[in-house]
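Asks: Residue numbers (our numbering), protein chains in the order written: chain F, 3 to 404; chain Y, 3 to 404.
Sharing a structure below in structure tokens format, with a few things to ask.
There are 2 protein chains.
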Amino acid sequence: MTVSVEEQFRIIMKGVEQVVSEETLKQKLSDAQKAGRPLRIKLGLDPSAPDIHLGHAVVLRKIRQMQDLGHRAIIIIGDFTGQIGDPSGKSKGRNALSKEQVQENALTYQTQIFKVLDRDKTEVLFNSAWLGKMNFEEVIRLAATTTVARILERDDFQNRYKNEVPIGLHEFFYPLMQAYDSVAIDADMELGGTDQTFNILMGRTLQKTLGKEPQAALFMPILEGLDGVEKMSKSLGNYIGVDEDAPSMFKKVMEVPDSLILKYFELATDVHPDRVEVIRRDLEQGKNPRDVKLELARIITSLYHTAENTRKAEDYYAAAFQEKGIPQEIPELIIEEEKDRLADIIPLLTKAKYTASNSEFRRLAAQGGVQLNGEKTEDFDYVLANGDVLKIGKKRFVRIVK
Amino acid sequence: MTVSVEEQFRIIMKGVEQVVSEETLKQKLSDAQKAGRPLRIKLGLDPSAPDIHLGHAVVLRKIRQMQDLGHRAIIIIGDFTGQIGDPSGKSKGRNALSKEQVQENALTYQTQIFKVLDRDKTEVLFNSAWLGKMNFEEVIRLAATTTVARILERDDFQNRYKNEVPIGLHEFFYPLMQAYDSVAIDADMELGGTDQTFNILMGRTLQKTLGKEPQAALFMPILEGLDGVEKMSKSLGNYIGVDEDAPSMFKKVMEVPDSLILKYFELATDVHPDRVEVIRRDLEQGKNPRDVKLELARIITSLYHTAENTRKAEDYYAAAFQEKGIPQEIPELIIEEEKDRLADIIPLLTKAKYTASNSEFRRLAAQGGVQLNGEKTEDFDYVLANGDVLKIGKKRFVRIVK
């Protein structure tokens with residue numbers, strides 16, 4: 003490592019929302035440099051939702067910066083929790099996954115994370131390797147390191163307890179399991195969004211309790227999704243996946259709300275802060291946000307695709323959307339994954355009064371009166387994609403949300 | 003089994019404070035009779051305090067009644083919890099025991115419980131046999147059967163949580179472990195004191211949750227100890243152990259406060275309710291409680307000792323205490339187990355002004371002015387027993403509490 007501790011600290015802290023603590027981080031960097039060893043940087047991933055999106059990429063790109071400084075990423079696939087799921091069966095988001103599903107999702111993860119991370123400086127580990135071996139006695143000893151009051155402090159538990167929404171006792175273990183991962187892999191640092199502070203700081207505490215050096219904790223800002231309000235997440239359908247093809251990625255970036263343009267520049271690109279300042283001023287002075295977004299879409303797409311594919315995506319976007327007179331603000335139609343052919347949604351369109359009847363829609367399509375992303379269509383077997391725009395008749399537009 | 007279900011129910015319910023539920027109990031009795039099998043009656047014992055006293059015997063004697071009706075006792079030695087102890091190390095009462103200690107205590111238990119139970123209709127099991135084999139995943143599934151709010155309902159947890167006294171997360175598992183014991187052994191019924199309702203009813207709930215027939219729960223009244231206030235317990239030193247020799251047992255029964263005489267007749271003897279009624283009236287009409295207690299001491303001692311030894315104990319008591327003019331109400335001196343020789347407590351006696359100075363006490367003893375249980379003593383190496391009475395000088399009495 004040739005970069006000084008001070009310079010590393012400066013680079014790492016860029017864009018970070020919170021660090022616990024600056025002293026720990028500096029000490030870790032200094033100790034690692036003296037010992038000539040890389041820091042072990044932990045990132046935990048939930049195998050139940052294997053799509054990595056730009057929200058995750060905020061953290062992944064910060065880790066990549068640190069890899070470029072010589073450090074090592076330790077990716078923990080939470081397969082132990084994934085295999086257990088939520089045994090109460092109450093939460094849809096936490097169904098138990100089979101070993102095969104977890105393995106498959108883990109592979110999917112890896113093809114995606116290595117679009118950002120440096121494969122040679124990354125270890126991928128499964129936490130069932132250590133959690134799966136613990137017996138009841140060891141679990142009790144782990145539980146004894148914390149108190150009921152401490153775990154109830156976590157915002158979501160606190161709110162549920164106050165509002166008398168049941169909390170399964172097993173749920174109290176999820177933060178402890180994540181914390182124990184830090185112990186098992188000797189993490190020097192853990193990264194996460196600012197919504198992960200409780201679990202990550204618990205890792206720090208547990209390391210201390212068990213006589214280990216506590217990890218530094220780095221919290222990145224949360225990136226809102228295309229709705230401009232909620233955290234980007236697959237389940238909300240407001241995400242841009244790092245694995246999406248270039249045209250889809252380009253088109254989605256163009257859907258980012260104007261209010262988030264600068265935040266996306268800051269968190270989803272490597273654009274220099276000085277340049278972001280210039281863009282901020284341009285927007286304040288009345289520059290068309292659409293033009294700024296074209297630059298954003300170009301930059302983000304090129305992070306995950308070749309220059310040629312990025313250019314093609316832009317051309318496609320221009321041809322399909324920009325020049326076909328599709329308005330910016332159009333209503334959305336939420337459809338189910340299982341019923342996503344054009345034929346499947348005709349009843350929905352009729353119900354929502356886009357068309358007078360199902361047969362009316364088919365007649366209109368036969369006459370060239372139905373357009374898909376600016377092109378006439380009669381292909382009722384077409385599988386609709388998220389973001390597809392239908393034009394029905396002369397003026398009625400609807401955007402598909404899956 | 004020749005006793006009808008109705009008659010069994012009547013016998014079992016005698017002296018019971020609470021049953022959950024009468025219907026379950028009747029159903030269990032009826033099913034068992036139809037199937038020609040005995041009910042499996044569970045009793046859990048904590049191996050950290052192997053002294054069985056008359057408080058435990060209330061429950062044991064109820065189980066013995068049921069054994070006499072043909073049913074089977076399943077004694078669970080909680081060695082799993084005992085070996086774990088309280089990993090937080092905060093509670094003195096819950097230090098981890100070695101495997102050898104647990105085994106030793108379990109043997110001690112057995113010699114004691116078979117003074118009440120019928121050995122041929124008793125199984126003794128160790129819960130490490132099933133709890134020790136559970137892995138983390140199984141623990142999580144067990145935890146998922148209940149909620150944080152449910153466990154926090156338990157009085158002691160509720161109070162500690164409200165008063166911000168830390169509750170280790172592992173402590174939440176103790177009720178669950180006990181509940182799981184009922185599942186593991188297919189308990190038809192569980193007995194305990196009325197302070198055990200939470201844990202025992204949790205066993206019932208867990209059986210239901212896991213698709214088993216829920217056990218009936220029988221709660222016996224709590225027997226107060228010799229102090230007349232607190233539940234009888236070894237740690238409070240207010241107990242009469244079933245393993246104590248006859249003279250000691252006799253003497254202790256004589257120390258039972260007058261206000262508890264009838265309760266001891268009801269809970270610690272097999273005396274018929276009609277006879278207890280007569281005693282109640284005698285006392286109301288001014289009969290000397292000391293004479294009634296002599297009857298009580300005779301009856302209780304003879305439950306655990308031969309007729310001859312009981313008689314000897316009474317003679318010894320009469321010789322040593324009754325005729326030596328030791329008053330009924332005398333102050334107590336609490337001493338530590340580690341410093342229990344007569345020599346050890348001289349400074350305490352001086353401090354409490356029983357004697358003017360340590361040397362004054364020794365002088366007094368040399369002159370025959372110190373009596374132990376009515377006999378002069380100069381033996382400073384004598385190890386004081388709980389209940390020993392010292393007379394210092396002419397009028398000062400003190401009873402030793404260990």
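A virtual CB, placed ideally from N, CA and C, is assigned to each residue, including glycine.
1. Is the beta carbon of residue 219(Y) less than 9 Å from the beta carbon of residue 205(Y)?
2. Would you call the stretch 120-138 of chain Y in contact with the stretch 155-165 of chain F, where contact means no fewer than 3 C-beta pairs closer than 8 Å?
3. What three-state label does DSSP hand residue 343(Y) in the structure shown?
4. Do residue 190(F) and residue 30(F) have their CB atoms nearer than 9 Å?
5. Leaving aside the five residues before and after residue 318(Y) along the sequence, list all residues of the same chain whose C-beta is less than 6 Å from its C-beta, in chain order.
6. Rounded to whole angstroms, what is the Cα-Cα separation between residue 62(Y) and residue 133(Y)?
7. Could you check if residue 154(F) belongs to the surroundings of the ligand GDP, using beta carbon to heavy atom distance under 8 Å?
8. Under 9 Å between the Cβ atoms of residue 363(Y) and residue 402(Y)?
9. Short of 7 Å Cβ to Cβ, which residues in the stretch 141-159 of chain F face chain Y?
10. Of all the CB atoms in chain F, is at least one closer than 9 Å to the CB of residue 85(Y)?
11. Output, in chain order, the set of chain F residues within a Cβ distance shorter than 9 Å of residue 204(Y).
12. Once DSSP output is grouped into helix, strand and coil, what is the label at residue 119(Y)?
13. Run down chain F in chain order and give the residues with a C-beta less than 8 Å from the C-beta of residue 169(Y).
14. Where does residue 290(F) land, buried or exposed, given buried means 16+ other C-beta within 10 angstroms?
15. Quick check on the burial criterion: 16 or more other C-beta atoms within 10 angstroms. Buried or exposed for residue 10(F)?
16. Quick test of your reading: residue 357(F) and residue 366(F), contact by CB under 8 Å. State the CB separation rounded to the nearest angstrom.
17. Any idea what DSSP makes of residue 369(Y), helix, strand or coil?
18. Straight-line CA distance for residue 297(Y) to residue 77(Y)?
19. If we ignore side chains and look at the alpha-carbon of each, how far apart do residue 255(F) and residue 241(F) end up?
20. According to DSSP, simplified to helix, strand and coil, what is residue 310(Y)?
21. Going along the chain, which unbroken runs of the beta strand (DSSP E) with 3 or more residues stay wholly within the stretch 56-90 of chain F?
22. According to DSSP, is residue 348(Y) helix, strand or coil?
23. Could you check the C-alpha separation between residue 151(Y) and residue 259(F) for me, to the nearest Å?
24. When the Cα of residue 302(F) is compared with those of 343(F), 245(F), 280(F) and 335(F), which residue comes out closest?
25. Determine which residues of the stretch 169-183 of chain Y have a Cβ less than 7 Å from any Cβ of chain F, and write them out in chain order.
26. Which residues does DSSP list as the beta-bridge partners of residue 126(F)?
27. With a threshold of 16 other CB atoms inside 10 Å of the CB of residue 2(Y), please say whether the residue is buried or exposed.
28. Excluding five sequence neighbours on each side, which residues of the same chain lie with their C-beta closer than 7 Å to the C-beta of residue 115(F)?
29. Can you give the beta carbon distance from residue 172(Y) to residue 145(F), rounded, assuming they're within the 8 Å contact cut?
30. Does the Cβ-Cβ distance between residue 224(F) and residue 236(F) come in under 9 Å?
31. Report buried or exposed for residue 359(Y), applying the criterion of at least 16 other Cβ atoms within 10 angstroms of its Cβ.
32. Using a Cβ-Cβ distance under 9 Å, would residue 314(F) count as near chain Y?
33. Compare the Cα-Cα distances from residue 117(Y) to each of 162(Y), 139(Y) and 60(Y) and report the closest residue.
34. Using CA atoms only, rank isn't needed, just tell me which of 65(F), 138(F), 164(F) and 229(F) is closest to residue 179(Y).
35. Extract the residue ranges of the alpha helix (DSSP H) inside the stretch 192-221 of chain Y, only unbroken runs of 4 or more that lie entirely within it.
36. Which bits of chain F does residue 137(Y) rub up against, with CB to CB less than 9 Å?
Replies: By the coordinates alone:
1. If you number the second sequence from 1, residue 219(Y) lands on position 217. If you number the second sequence from 1, residue 205(Y) lands on position 203. Yes.
2. no
3. As a working mapping, residue 343(Y) is identified with position 341 in the second sequence. In the structure shown, residue 343(Y) sits in a strand (DSSP, three-state: E or B).
4. To locate residue 190(F), count along the first sequence from 1; it is residue 188. To locate residue 30(F), count along the first sequence from 1; it is residue 28. Result yes, Cβ atoms of residue 190(F) and residue 30(F) sit closer than 9 Å.
5. Position 316 of the second sequence, counted from the start, is the residue given in the question as residue 318(Y). Once the five neighbours on either side are set aside, the close Cβ partners of residue 318(Y) are 249.
6. For the purposes of this step, residue 62(Y) is taken as the residue at position 60 of the second sequence. For the purposes of this step, residue 133(Y) is taken as the residue at position 131 of the second sequence. Using only the alpha carbons, I get a separation of about 25 Å.
7. Absence of the ligand GDP is noted for the structure shown, with no ligands found whatsoever.
8. Working through the second sequence from its first residue, we reach residue 363(Y) at position 361. Working through the second sequence from its first residue, we reach residue 402(Y) at position 400. No, the pair does not count as a contact, with Cβ atoms beyond the cut-off.
9. 141, 142, 143, 145, 146, 148, 149, 150, 151 and 153
10. The sequence position of residue 85(Y) within the second sequence is 83, counting from 1. With respect to chain F, the C-beta atom of residue 85(Y) has a partner C-beta closer than 9 Å.
11. In the second sequence, residue 204(Y) corresponds to position 202, counting from 1. Here the premise fails: no neighbours, minimum Cβ distance about 11 Å.
12. Start at 1 with the first residue of the second sequence, and residue 119(Y) comes out as number 117. Residue state, collapsed to three classes: coil.
13. Here residue 169(Y) corresponds to residue number 167 of the second sequence, with the count starting at 1. What residue 169(Y) touches in chain F: 149, 150 and 151.
14. Taking the first sequence and counting its residues from 1, the one referred to as residue 290(F) is at position 288. Per the 10 Å Cβ criterion, exposed.
15. Looking up residue 10(F) in the first sequence gives position 8. When all chains shown are included, residue 10(F) counts as buried.
16. The sequence position of residue 357(F) within the first sequence is 355, counting from 1. The sequence position of residue 366(F) within the first sequence is 364, counting from 1. Indeed they touch by this definition, with Cβ atoms about 7 Å apart.
17. For the purposes of this step, residue 369(Y) is identified with residue 367 of the second sequence, where counting begins at 1. DSSP places residue 369(Y) in coil when its eight states are reduced to three.
18. Counted from its first residue, the second sequence places residue 297(Y) at position 295. Counted from its first residue, the second sequence places residue 77(Y) at position 75. Residue 297(Y) and residue 77(Y): Cα-Cα distance of roughly 32 Å.
19. Position 253 of the first sequence, counting from 1, holds the residue named residue 255(F). Position 239 of the first sequence, counting from 1, holds the residue named residue 241(F). Answer to the nearest angstrom: the Cα atoms are 10 Å apart.
20. Within the second sequence, the letter at position 308 stands for residue 310(Y). The answer is helix: DSSP assigns residue 310(Y) an H, G or I state.
21. 74-79
22. Reading the second sequence from its first residue, position 346 is the one you call residue 348(Y). Helix.
23. The residue labelled residue 151(Y) in the question sits at position 149 within the second sequence. The residue labelled residue 259(F) in the question sits at position 257 within the first sequence. Approximately 42 Å, taken between the alpha carbons.
24. Translated into positions along the first sequence, residue 302(F) becomes position 300. The shortest C-alpha separation from residue 302(F) is found at 245(F).
25. So the list reads 169, 170, 171, 172, 174 and 175, given in the order they occur along the chain.
26. Locating residue 126(F) in the first sequence gives position 124, counting from the first residue. Answer is 77(F), bridged to residue 126(F).
27. No answer is possible for residue 2(Y): the residues shown for chain Y start at 3 and end at 404.
28. Along the first sequence, one-based indexing puts residue 115(F) at 113. Cβ neighbours of residue 115(F) beyond the five flanking positions: 54, 62 and 77.
29. Residue 172(Y) sits at position 170 when you count from the first residue of the second sequence. Residue 145(F) sits at position 143 when you count from the first residue of the first sequence. Right, the Cβ-Cβ distance comes to about 4 Å (below 8 Å), so this counts as a contact.
30. Position 222 of the first sequence, counting from 1, holds the residue named residue 224(F). Position 234 of the first sequence, counting from 1, holds the residue named residue 236(F). Contact: no.
31. If you number the second sequence from 1, residue 359(Y) lands on position 357. Exposed.
32. For the purposes of this step, residue 314(F) is identified with residue 312 of the first sequence, where counting begins at 1. When Cβ-Cβ separations below 9 Å define contact, residue 314(F) makes no contact with chain Y.
33. Here residue 117(Y) is taken as the residue at index 115 of the second sequence, counted from 1. The closest CA to that of residue 117(Y), considering only 162(Y), 139(Y) and 60(Y), is found on 60(Y).
34. Here the question's residue 179(Y) lines up with position 177 in the second sequence. Of the listed residues, the one whose Cα sits closest to residue 179(Y) is 138(F).
35. 199-211
36. Taking the second sequence and counting its residues from 1, one reaches residue 137(Y) at position 135. Near residue 137(Y) (Cβ distances below 9 Å), the residues of chain F are 134, 135, 136, 137, 138 and 141.
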